[in-house]
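Chains as they are written, first to last, in my numbering: chain E, 1 to 154; chain C, 1001 to 1154.
Please read the structure below before turning to the comments.
Number of protein chains: 2
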Amino acid sequence: MDLFTGFLFKGLDQDQLAKIAAITREISMENGQKLFVEGEKATHIYILKEGAVELMTRVEPDLELPISMLRDPGDIFGSHALIAPYRYSLSARCEEAGTSLSIERSSLKKLMVADRGLECMIMRNLAEHFLDRLKETRQELKTHFRTLLKSMRS
Amino acid sequence: MDLFTGFLFKGLDQDQLAKIAAITREISMENGQKLFVEGEKATHIYILKEGAVELMTRVEPDLELPISMLRDPGDIFGSHALIAPYRYSLSARCEEAGTSLSIERSSLKKLMVADRGLECMIMRNLAEHFLDRLKETRQELKTHFRTLLKSMRS
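Given below as structure tokens:
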């Protein structure tokens, strides 16, 4: 259960974590491999086990902006698979070969239908996570804005 | 129930909406009045009834960046009151006098403890909402980035 430490699993009990562990599948990741691509239908959530994965977003046809680098075992990516419209809004690329656990959305959905408490906790964890990311992204926007102001003033 | 059309209430049944309506309080808003300030402890959620409210964030001590203008009856603001760390991450100022319904966080919390289904729906709605805002904010960041690239290339 050492890998189930990410934001998505906060507040879940051992029994709930065991049920989730039972529906995971281990996948290997090669250097440069794309795990998923921005805009694609989101079918899986991933838990990093070993290696490194970079999340990025496309700014221009030939330019991607890095959003974050995941290196810690237990790091979660692809959580958009649980929220409408169920599409990845970032791309994930393996930057250092390793392994991840993948969870099929439909399997996790079945667990959540059977256990409303589990669903509630996961939805709360997602809401907290997206709010955190939103605040971070607004901070970045403010930084850009301040830079722009400075350049206009000088 | 005409006011309970905002994102927070999606999927709730008439009985659940009636319970929420019973804990609202109508407040009047004067032109220029601050409903809440960024960073403050978030104790209330608001539903716009009449008038207009602007949401904004502080960039510099004397400069606030507008984030959105709410004008539609049913528009919701202050939803950060439901998510840890329970602090407003924006400020809300009345731009056109009117009225709003306010809901105390602790009262809504009681309803959610008594009705896990209600809690699940609200948490799912919040997760969807924050993910939408996150995607919008990332788009803005990309626009800034593209402008920067253009100015560097020219």
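For glycine and all other residues, C-beta sits at the position ideal for the given N, C-alpha and C.
All figures in this text were calculated on a predicted structure; none of them were measured in a lab.
Who are the neighbours of residue i on chain E, taking C-beta pairs under 8 Å?
i	result
Glu-1064(C)	In chain order: nothing, as chain E lies at least about 11 Å away.
Glu-1236(C)	Outside the modelled stretch of chain C, which goes from 1001 to 1154, sits residue 1236(C), for which no answer is possible.
Which bits of chain C does residue i rub up against, with CB to CB less than 9 Å?
i	result
Ser-89(E)	Leu-1131, Leu-1134, Lys-1135 and Arg-1138
Going by DSSP, which residues form a beta bridge with residue i?
i	result
Leu-1017(C)	DSSP output for Leu-1017(C) lists no bridge partner at all.
Pro-73(E)	DSSP lists no partner for Pro-73(E).
Phe-36(E)	Ala-92(E)
Ser-1068(C)	Leu-1055(C)
Leu-1063(C)	Glu-1060(C)
Lys-109(E)	Its beta-bridge partners do not exist; DSSP assigns none.
Lys-41(E)	Arg-87(E)
Please list, in chain order, the chain E residues whose beta carbon lies closer than 7 Å to that of residue i.
i	result
Ile-1083(C)	Ala-127, Glu-128 and Leu-131
If you follow the beta strand (DSSP E) that residue i is in, where does it begin and where does it stop?
i	result
Ser-1100(C)	1091 to 1104
Ser-28(E)	24 to 29
Ala-52(E)	44 to 60
Just curious, the alpha helix (DSSP H) that residue i is in, first and last residue?
i	result
Ala-127(E)	116 to 153
Chain C partners of residue i, CB-CB under 8 Å?
i	result
Thr-57(E)	Arg-1138 and Lys-1142
His-44(E)	Per Cβ cutoff of 8 Å: no residues; His-44(E) is ~17 Å from chain C at best.
Glu-40(E)	By Cβ distance, chain C contributes nothing, its closest Cβ being about 15 Å from Glu-40(E), past 8 Å.
Gly-117(E)	Arg-1116
Of all the residues that make up the segment 1016 to 1034 of chain C, which are near chain E by a beta-carbon distance shorter than 9 Å? none
How do the segment 1034 to 1044 of chain C and the segment 1085 to 1102 of chain C stand: do at least 3 beta-carbon pairs fall below 8 Å, yes or no? yes
What residues from the segment 121 to 148 of chain E come within 7 Å of chain C, judged by C-beta to C-beta, listed N to C? Met-123, Arg-124, Leu-126, Ala-127, Glu-128, Phe-130, Leu-131, Arg-133, Leu-134, Lys-135, Thr-137, Arg-138, Glu-140, Leu-141, Lys-142, His-144, Phe-145 and Arg-146
Kindly confirm or deny that the segment 1041 to 1058 of chain C and the segment 1013 to 1022 of chain C touch, where touching means at least three C-beta pairs closer than 8 Å. no
Taking three-plus beta-carbon pairs below 8 Å as touching, is the segment 128 to 145 of chain E in contact with the segment 1130 to 1143 of chain C? yes
Cβ-based contacts, 9 Å cut-off: residues of the segment 1002 to 1017 of chain C near chain E: none
Using 8 Å as the cut-off, can you tell me whether the segment 68 to 78 of chain E makes contact with the segment 49 to 60 of chain E, which would need three or more C-beta pairs spanning the two stretches below that distance? yes
Sufficient close CB pairs (3 or more, under 8 Å) joining the segment 1115 to 1132 of chain C to the segment 112 to 128 of chain E: yes
Indicate whether the contact test is met: 3 or more Cβ pairs, each with one atom in the segment 96 to 108 of chain E and one in the segment 22 to 31 of chain E, closer than 8 Å. yes
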